Amino acid sequence: MDHATPLERWLRGIALALVVLFFMFPIFWIVLMSLQTNETILRTPPSMVFEPTLSNYSAIIAGRLDSNVASMGIEFMSNLKNSIILSTFSVALALLLGVPAAYAFARHKFRGSEDIAFTLLSFRFAPPLLVLLPLTLYFQQIGLADTYVGLIWVYQLICLPLILWIVRGYFEDISPDVEHAYRIAGHSWFATFRRIALPLAGPGIAAAGLLAFIFAWNNFVFALVLASADKQPVTVGALAFVTASGIQYGQIAAAIVLSIAPTLALALYAQRYLVEGLSLGAVKG
Amino acid sequence: MIRVEGLTKRYGATTVLDGLDFTVAAGETLVLFGPSGAGKTVLLRALAGAVVPEAGRVFIGEQDVTDRAPEERGVGMAFQNYALFPHMTAFENIASPLRARGLGRDAIRAGVTDIATLLKIDHVVGHAPKALSNGQKQRTALARALVAEPEVLLLDDPLRNVDAKLRFEMRLELPRLLAGRGATVIYVTQDYKEAMALGDRIAVLAAGRIVQIGTPEEIYTAPATVEIAKLFGDPTINLLEAVPEKDEGGVFLRISDQRVALGADLGAAVGRACLAGLRPEALSFAAAGIPVESEAETPFNEKTVTLALTRRRRESLVSRPAGTPGPTSGPAHVAIDPAQVLVFDRETGARIALGQGAAAEAAA
Amino acid sequence: MAIAGDLPRRRWRVPTGALPYLLSLPALLVCIGILIPFATAAWYSLQRYRLSQPWNRGMNWGENYLNFLSDPGFWNTLQVSLTYAFLTVGIELVLGLGIALLLKKSTRLNNFISIMLLMPLMTAPALAALMWKLMTNANFGILSYFAASIGLEDFRWGSDPSTALFTVILVDVWVYTPFIMILLLAGLRSLPTQPFEAAELDGVPRFQQFWRITLPMLMPYILTASLFRLLDSIQQFDIIYALTQGGPGDTLMVFQVEAYLNFFQSTNIGRSAALMMILWAITFFLSNLFVKNWLRLRARARGEI
């Protein structure tokens, strides 16, 4: 494979450059835009030369936009807070529920265990609106509409299958003999779960948690349907922000950058596990 | 003491343990021997509580422990693949049974240090299992099984994965170690030499049943089946197809037109298709006897083994103590010690009766 | 010497048989809560049910479904959804495979690029759509500027019915190509090297190596990745809703967008539920196909086959 002709190597290089350009450019451009004022954004022809400003970010973080025309409030920070609350607690709950279940599915082939595991998996593939639309009516009846609790519960549709299937794979990779050895040494199953299974599956649990966090953060439709303004995460909030802020393009860009930065950072941090997580444990990276 | 009654384990349609019954006396070492898939490991796990049997009872001492969880049985077990806790140091691995028993820090340190010193791994107890050699891992696993002085020790082929030199050393070392503790030991192995060296008794398992249980001498000199005869003994036993006959001189075999007398109690074999089992040491070169062609000679540990061909070109191995004179290649004669001839039914593989000499020897 | 400590007897014990059920029960309960609305949706789909006309509510059994047969809106939805799904997955598969082949060799640069390419995939699709909306903005969008500068003066991207589908597909390709790429790259790198070395020795041209060895051996990965994407793509909501809300007109009325608008704008709950049931039937069929392939791949990754 190594005896590529120079022409081939050139073509390869050009192709790779195009690939990188296509996939990286939008992020690059939005970051540039977030550092500009409306004036420089609206220049024709567009130019890379401008004086960067952090005013868009400071306006968003301060929650106020003061211009010479008017002064208006920006709700974006509360969207960011909602995203953090929803994603964090959803993942925490999913870990609490999913890790013991994953252990049960991995270690004890009990009656119906595979059926249950596959039912959970099928949640990942069912159209979310099928469940969400009737759920809005129920939520209004039982008072869960527009609450964090209700949203976190529904977010389990995303987080639970992911955690269950990835962590199950990690538990299956632990030799049962290691656990047997610890029990034979005289420890209860719970001590064995806590001191052997959990630490050994630790990296997998952490990776699954990070991925679930990313997917919860990136979710759009659940909150769009079930949350009103004060509970909306960034994905829904940004959309509303576009309409509300009118022509403050720099701020829209800054809001987008702030919204995608956490997941991108987490993804880079956990990239070793992404392949496994994205394929729900079917492919190892 | 361990007593097992009617122990049965199935996985789906396969019966792995088929109604086993046996008793191991206190302080005795029983070796479980058999080919892989015979159920040795499953049996050991069932005794430890790691596998739940479908039927049967397990007693340790006088107590029925069948329904007890592994942690409540108080046994020590070493696994074939060591099963060390990879995230703990060797020290913590060895200490884990002591911690479960709620010992204080000093007692734990003393207990671990004692056993580690005894097994010559005291200098590496601070290391993680990853940093240990195979031999050290195996000793750590053994130390973990021994440290709490359990009454019952279950050792699952602990020498399987260590190199030949270490295996040899441990084979010498283990009996002393086990005897010193007075524990009842069940030891699984696939190596017949290990079985002979370590076992007070050997139980031969095949397809989930005990085919034969007895002292190493009994198993060797009076194997219950042709399969066992083949498994025990190196070089392997010579098997010749023959039909025992009987005349006024008694029961005899005809091998290369030579008459080989058999014990009188082999009357049952007369006229049946049989396999005559002749261990290489039951054969010797002599001035007269069965004419053979001596083909090749191989030194084999403390023996010298000669490959000899009978007139019908059947191969036989003849052994003699190393250093004793043997024939040059070419024609020679082989004598058979009639007392050591084993006769098996060709159909079932079962041995037909004791060769009388062997019976006398086994009794002695 | 006897060891001083004794094994503590457990004061309470969980019967071994019940343990796995106890461990998985909480997860199960949460899921049962989610199965109830599913049953409700099936029930609504058999009703004449508009929020604006509560007095008119009643069972009409299969009428919602029967109406679809003569409803051009439904056929449009079906057609747009299928077109969208197959076009996106097809393009992403070709591109993803191409990029994976480019990055196959595990050099530092290649690994760096493959990690960088994950960034679009980790961007929320709704936000990605917003980014592209800004990029195609007629006033300052960089893509509009490029389009104009190559002579496409009146290229209006998402707001023109003739280019709306192209625009959303472009965004989908941007977000999801890395998904296929990364799975296929993992697959490519896990292939055994002997067949390739043998082919090299036999002088098989590299183009043929690709068709005869690489592609067949990569098939399980390709199938799993494509089915995975197909399942998601036929349900696409975020990108389309954020970019055009299904418009202009009904150009991009895919299943979930149509059902969403039916529910919240025309409050026709019966029709909305029936639409979702049909989409569910499609995804159920696809997911069964997927799970079979996925399990095979999973078993292989665990070294079970």
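Sequence order for the protein chains is A, B and C.
Residues in the first sequence are numbered from 1333 upward in steps of one, following the working numbering.
Residues in the second sequence are numbered from 430 upward in steps of one, following the working numbering.
Residues in the third sequence are numbered from 883 upward in steps of one, following the working numbering.
Heads up, the beta-carbon is just placed ideally off N, CA and C, and yes, glycines get one too.
Bear in mind that the values here come from a model prediction, so they are computed numbers and not experimental data.
DSSP state of residue i mapped onto helix, strand, coil
| i | result |
| --- | --- |
| K1413(A) | helix |
| G1582(A) | helix |
| P652(B) | coil |
| L1105(C) | helix |
| T452(B) | strand |
| F1145(C) | helix |
| P720(B) | strand |
| L901(C) | helix |
| P756(B) | coil |
| S1419(A) | helix |
| N1021(C) | coil |
| N1150(C) | strand |
| H762(B) | strand |
| P728(B) | strand |
Own chain partners of residue i with C-beta closer than 8 Å, once the 5 adjacent residues on each side are dropped
| i | result |
| --- | --- |
| M1333(A) | Here the model assigns M1333(A) a pLDDT of 47, short of 50, so the residue's position is not dependable, and the following value carries that caveat. Same-chain partners within the cutoff: there are none. |
| T1468(A) | A1477, V1557 and L1558 |
| G759(B) | E722 and S723 |
| E674(B) | V680, F681, L682, R683, V699 and G700 |
| A764(B) | L712, S713, F714, A715, A717, G718 and I719 |
Inter-residue CB distance, residue i and residue j (contact presumed, cutoff 8 Å)
| i | j | result |
| --- | --- | --- |
| L449(B) | V433(B) | 6 Å |
| A711(B) | Q641(B) | Rounded, the Cβ-Cβ distance is 20 Å, inconsistent with contact. |
| F1545(A) | V1352(A) | No, F1545(A) and V1352(A) are not in contact; Cβ-Cβ is about 27 Å, not under 8 Å. |
| V1499(A) | A1540(A) | 5 Å |
| L738(B) | L746(B) | Not quite, the Cβ-Cβ distance comes to about 11 Å (not below 8 Å), so this is no contact. |
| G478(B) | R502(B) | 5 Å |
| L473(B) | I639(B) | Rounded, the Cβ-Cβ distance is 14 Å, inconsistent with contact. |
| C703(B) | D774(B) | 6 Å |
| A951(C) | I1584(A) | One detail in the question is off: residue 951(C) reads as Leu in this sequence, not Ala. Between I1584(A) and L951(C) the Cβ distance is about 44 Å, and since that is not below 8 Å, they are no contact. |
| N510(B) | S1507(A) | 7 Å |
Alpha carbon of residue i to alpha carbon of residue j, nearest angstrom
| i | j | result |
| --- | --- | --- |
| T1567(A) | A1477(A) | 19 Å |
| I657(B) | L1428(A) | 54 Å |
| G784(B) | L634(B) | The pLDDT assigned to G784(B) is 44, lower than 50, so where the model puts this residue is not dependable, and the model offers no usable value. |
| F1437(A) | L1598(A) | 28 Å |
| E491(B) | M430(B) | 8 Å |
| P756(B) | A715(B) | 9 Å |
| T569(B) | F597(B) | 18 Å |
| V481(B) | D1447(A) | 24 Å |
| E528(B) | N522(B) | This sequence places Arg at residue 528(B); Glu is not what is there. C-alpha separation (whole angstroms): 10 Å. |
| A1347(A) | L1418(A) | 40 Å |
| G1501(A) | G1613(A) | 7 Å |
| L1412(A) | V1510(A) | 44 Å |
| F1547(A) | A524(B) | 42 Å |
| N1388(A) | G1582(A) | 6 Å |
| G456(B) | Y903(C) | 41 Å |
| P875(C) | F1355(A) | The question about residue 875(C) has no answer, for chain C in this structure spans 883 to 1187. |
| T1059(C) | V1136(C) | 20 Å |
| R742(B) | A705(B) | 16 Å |
| A651(B) | F508(B) | 31 Å |
7 Å Cβ shell around residue i - same chain, five flanking residues per side excluded
| i | result |
| --- | --- |
| L803(B) | Look at the range of chain B in this structure, 430 to 793, and you will see that residue 803(B) is not part of it. |
| T618(B) | V460, F462, D586 and A624 |
| L901(C) | none |
| A1046(C) | G1040, T1126, P1130, T1133 and L1134 |
| P1384(A) | L1367 |
| A1570(A) | A1587, I1588 and S1591 |
| Y931(C) | R939, I1151 and G1152 |
| S1560(A) | D1478 |
| A1426(A) | Q1488, C1491, L1492, I1495 and A1544 |
Spatial neighbours of residue i in its chain, beta-carbon cut-off 6 Å, leaving aside the 5 residues before and after
| i | result |
| --- | --- |
| G1430(A) | L1492, I1495 and L1496 |
| V1486(A) | F1554 |
Interface partners of residue i on chain D, CB under 8 Å
| i | result |
| --- | --- |
| A1570(A) | The structure shown contains no chain D; its protein chains are A, B and C. |
Quick one: any contact between the region 1146 to 1160 of chain C and the region 1063 to 1077 of chain C, if contact means 3 or more CB pairs under 8 Å? no
Could you say if the region 1505 to 1525 of chain A and the region 968 to 983 of chain C meet the contact criterion of at least three C-beta pairs nearer than 8 Å? no
Count the CB pairs spanning the region 1527 to 1537 of chain A and the region 534 to 543 of chain B that are closer than 8 Å, and state whether there are at least three. no
Segment contact, 8 Å Cβ cut-off, at least three pairs: the region 1021 to 1029 of chain C with the region 953 to 972 of chain C: no
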